[in-house]
Amino acid sequence: PIAARRARSPAEASAMKLSPLAHQADAHDDGAWAVAWCKSSDGDDLLLTGSVDESVRSWRATGDGLEMVHEYQGHSLGVVSLAASPDGATVASSALDSQIRVWDARTHETRVIIACPPAENWHVAFVPNSPDTLLVAGGASKSVKLYDVSSDTEKAGTERGVLALPNTANETSETSSRFAQSVAVSDDGKLIACGAADGAVAIFDAVTSKFLHFLEGHNAPVRGLAFAPDNKTLYTACDDGHCHAYDAANKSLLDALPGHKGWVLGVACARDGFGVATCGADAAVKLWDVRSTSQAEKCAQTASAQTEAVWGVAFSPSDDKLASASDDKSVAVYQYVP
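According to my numbering, the sequence shown is numbered sequentially starting from 1.
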């Protein structure tokens, strides 16, 4: 339980680790930019990857490799983000063709196609307590957009709301560089976070749609966000080479996780609340044990199974695997031991 967590003392070495489980060298015909997990019809964890080759593929681990289960077609440009609903049954993909496609992960049938204005669909995320609502980091619109992705043919694809990123006192809408790049929502559905290209991280009350505050500390694009299971700790992935941990509700910086040699491109939290994974332009995947009180011990492991930028990491629903997707066209899966 979250309340029972205990910090590790400097004398206690972390046993947390990643063990290679599967590696697919040519998982796609071009760079893999997005990764997520969903559920098969028999309840197994299925890996999802999206690529510059315009496809989304689902995979099952077999031995030391991956077996492709299905290939989803429909996008006409590269896929930049993937998300699965809380029950793992519905998948959303966002691509550079300005489309968001939502489909049933088990029947592969398309539920809705959302046509967005150019450069207004980037990262996507489902709302845990409202699985028919999809959040979209709205890019050039400088906002988070909420879309209906229910099976109701009359409502599906319609916009439910917009959360605008405020300008600072010295900015106007014309001068702001607040391009909305990443989005995340807490597991209890109460907080929404949006990361922008100027380093701003905006926090919204998901119930009232009210802007609460900005989290300060970055001044470069924030490409990834992940809430911890405690529903208040937010981890960021930024081009400044750092992953920050914030108390999102109380507007405070809790920790900084340095170590990547270049942009940090993605971040994910394990459901146990202990492990945080980051990936970067340095082709590295880092596993962090956030229980450690020693900064030197906090990085439990650095994995380097891929040779080019790693764009995304994701823990499996069963919390025993971590997957990463790379510009070298490969997908790697690790066994995660907390």
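Ideal placement from N, C-alpha and C gives every residue a C-beta, glycine not left out.
All values derive from a computational prediction rather than experimental measurement.
What do you get for L234, buried or exposed, if any count of 16 or more other CB atoms within 10 angstroms of its CB means buried? One-based indexing of the sequence shown puts residue 234 at position 234. L234 counts as buried, since at least 16 other C-beta atoms from the protein chains shown sit within 10 angstroms of its C-beta.
If you compare alpha carbons, which of F274, L322 and P166 is closest to L46? One-based indexing of the sequence shown puts residue 46 at position 46. Closest option to L46, Cα to Cα, is L322.
8 Å Cβ cutoff, V201 in contact with chain B: This model lacks chain B altogether, as it is built from one protein chain only.
Using a threshold of 8 Å, state whether the C-beta atoms of S14 and E297 are closer than that. On the sequence shown, position 14 is the one that residue 14 refers to. On the sequence shown, position 297 is the one that residue 297 refers to. Between S14 and E297, the C-beta gap is smaller than 8 Å, which places the two residues in contact.
Under three-state DSSP, which class holds S41? Here residue 41 corresponds to residue number 41 of the sequence shown, with the count starting at 1. It is coil, neither helix nor strand.
Identify, in the order they occur along the chain, each residue of the same chain with its Cβ nearer than 6 Å to the Cβ of S81, setting aside the five sequence neighbours on each side. Taking the first residue of the sequence shown as position 1, residue 81 is located at position 81. Same-chain partners within the cutoff: A34, S94, H123 and V124.
Exposed or buried, N121, counting other C-beta atoms within 10 Å across all chains shown (16 or more means buried)? Start at 1 with the first residue of the sequence shown, and residue 121 comes out as number 121. With 16 or more other CB atoms across the displayed protein chains lying within 10 angstroms of its CB, N121 is buried.
Secondary structure at A303, three-state DSSP: helix, strand or coil? Taking the first residue of the sequence shown as position 1, residue 303 is located at position 303. DSSP places A303 within a strand segment (E or B) once states are collapsed to three.
With 16 as the cutoff for other CB atoms within 10 Å, does A300 come out buried or exposed? Taking the first residue of the sequence shown as 1, we reach residue 300 at position 300. Buried.
Might you give, ordered along the chain, the residues of its own chain that have their beta carbon closer than 8 Å to the beta carbon of T62, omitting 5 neighbours on each side? As a working note, residue 62 is residue 62 in the sequence shown. These residues qualify, in order along the chain: A22.
Beta-carbon within less than 6 Å of S324's beta-carbon, same chain only, minus the 5 sequence neighbours each way: which residues are those? In the sequence shown, the residue the question calls residue 324 occupies position 324. Contacts found: C279, V285, V310, V313 and A332.
S76 to Y147, Cα distance in whole Å? What you label residue 76 is simply residue 76 of the sequence shown in a count that begins at 1. What you label residue 147 is simply residue 147 of the sequence shown in a count that begins at 1. Here the C-alpha atom of S76 lies approximately 21 Å from the C-alpha atom of Y147.
Suppose you measure from the CA of S330 to the CA of G74; what does that come to, to the nearest Å? Stepping through the sequence shown from its first residue, residue 330 is reached at position 330. Stepping through the sequence shown from its first residue, residue 74 is reached at position 74. Each residue's alpha carbon lies about 21 Å from the other.
Pull up the distance between the alpha-carbon of H244 and that of A156, whole angstroms please. As a working note, residue 244 is residue 244 in the sequence shown. As a working note, residue 156 is residue 156 in the sequence shown. Using only the alpha carbons, I get a separation of about 36 Å.
Cβ-Cβ distance between T196 and A180 below 8 Å: Reading the sequence shown from its first residue, position 196 is the one you call residue 196. Reading the sequence shown from its first residue, position 180 is the one you call residue 180. It should be noted that the sequence gives Ala, not Thr, for residue 196. A contact, by the Cβ cut-off of 8 Å.
Classification of A119 by the beta-carbon crowding that lies within 10 angstroms, buried from 16 upward: Within the sequence shown, residue 119 is the residue found at index 119, counting from 1. It is exposed - the Cβ of A119 has fewer than 16 other Cβ atoms within 10 Å.
Output the boundary residues of the beta strand (DSSP E) element that contains Q99. The residue given as residue 99 occupies position 99 in the sequence shown. Start and end: Q99 to D104.
Is the Cβ-Cβ distance between R226 and C194 less than 8 Å? On the sequence shown, position 226 is the one that residue 226 refers to. On the sequence shown, position 194 is the one that residue 194 refers to. First, the residue type needs correcting, since residue 226 is Ala and not Arg in the sequence shown. Contact flag unset, no.
Best match in Q24, S326 and H70 for proximity to K39 [C-alpha to C-alpha]: Translated into positions along the sequence shown, residue 39 becomes position 39. When the alpha-carbon of K39 is set against those of Q24, S326 and H70, the nearest one is in H70.
Given that a residue counts as buried once 16 or more other Cβ atoms are within 10 Å of its Cβ, and exposed if not, what is P20? Counting from one through the sequence shown, the residue named residue 20 turns up at place 20. So P20 counts as exposed.
Give me the DSSP bridge partner(s) of G266. As a position in the sequence shown, residue 266 is number 266, starting the count at 1. Under DSSP, G266 takes part in a beta bridge, and its partners are C279.
Please return the same chain residues whose Cβ sits closer than 8 Å to the Cβ of F274, not counting the five positions on each side in sequence. For this step, residue 274 is matched to residue 274 along the sequence shown. If you ignore the 5 residues before and after F274, its C-beta comes within less than 8 Å of the C-beta of R5, M16, D289, V290, R291 and P338, all in its own chain and listed in chain order.
Does the beta-carbon distance from V185 to I192 come in below 8 Å? Translated into the one-based positions of the sequence shown, residue 185 becomes position 185. Translated into the one-based positions of the sequence shown, residue 192 becomes position 192. Cβ distance < 8 Å, so V185 and I192 count as in contact.
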